[in-house]
Amino acid sequence: MILPINNLYLFKTRQAFHELRLWLFFARFFNKNIVA
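Letter 32 of the sequence shown, counting from 1, is numbered 32 in my numbering, and no numbers are missing.
Below, the structure written as structure tokens:
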């Protein structure tokens, strides 16, 4: 029963990291547009 919980945890963390990367990418993109 440990494996499914571990898989769910990995899925959630992967999703969170993906959202964080997208947010950082957009923040950098908008900062470049505002500065330029």
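Just so it is clear, CB atoms sit at the ideal spot from N, CA and C, and this is done for glycine as well. As the structure is a prediction and not an experimental result, all values here were calculated from the model.
Rounded C-alpha distance that separates residue i from residue j
| i | j | result |
| --- | --- | --- |
| Arg21 | Asn31 | 15 Å |
| Ile34 | Leu10 | 36 Å |
| Gln15 | Leu8 | 10 Å |
| Ala27 | His18 | 14 Å |
Residue i: CB within 7 Å of a non-hydrogen atom of the ligand ATP
| i | result |
| --- | --- |
| Arg21 | Ligands in the displayed structure: none, and consequently the ligand ATP is not present. |
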